[in-house]
Each structure stands twice: as structure tokens, then as C-alpha cells.
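Step one of this worksheet: look at the structure below.
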């Protein structure tokens, strides 16, 4: 998280718009792959973005859900 904030800061010495766009594309692709995998193992995605994913599972307890994921 800190690396990404540093990378997108225009004050950063490494700031490069093309690098920022490339990282964003890879992050979105990774998110899509993660959501597909979670769906494959039986969960339903309620909400998902690069900061938060909310899932619905058929588990009754929080412990069972954590073991499931």
C-alpha cells in the first residue's frame, strides 16, 4: 500500500505516468483473477475493489469462514 502511494505521488523521484498506469492494469487483473478464484471455490462477491472485498459464504461461523478462505 505504501509503495503504491509513493509510486503515484508526483513528488516521488520515481514518478512516471506510464509506470503508474501499468501497475494499475496489473492490480486490476490480479483483482479479477482473485474474484474468479473465490467464486470458483463457492463464495459470492457482494462488493470488490482494490481496497476491499466483501464475500458471502455458506459458512455459519467466522472461524469456519476464515478456514474456508
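In UniProt numbering, the protein residues as written are 1 to 69. Beta carbons are placed, not taken as given, at the ideal position from N, Cα and C, and that holds for glycine. All figures in this text were calculated on a predicted structure; none of them were measured in a lab.
Within the same chain, 7 come within 8 Å of residue 19 by CB-CB distance, once the 5 residues on both sides are set aside.
Per the DSSP secondary-structure output, residue 22 pairs with nothing in a beta bridge.
Residue pairing by DSSP places residue 48 opposite 53 in a beta bridge. Residue 65 is a Cβ neighbour of residue 57, given a cutoff of 7 Å. Annotated three-state conformation of residue 6 is helix, per DSSP. Within the same chain, and ignoring the five residues on either side of residue 35 in sequence, the residues whose Cβ sits closer than 6 Å to its Cβ are 45, 48.
With a beta-carbon spacing of about 18 Å, residue 38 and residue 63 fall beyond the 8 Å limit used to define contacts.
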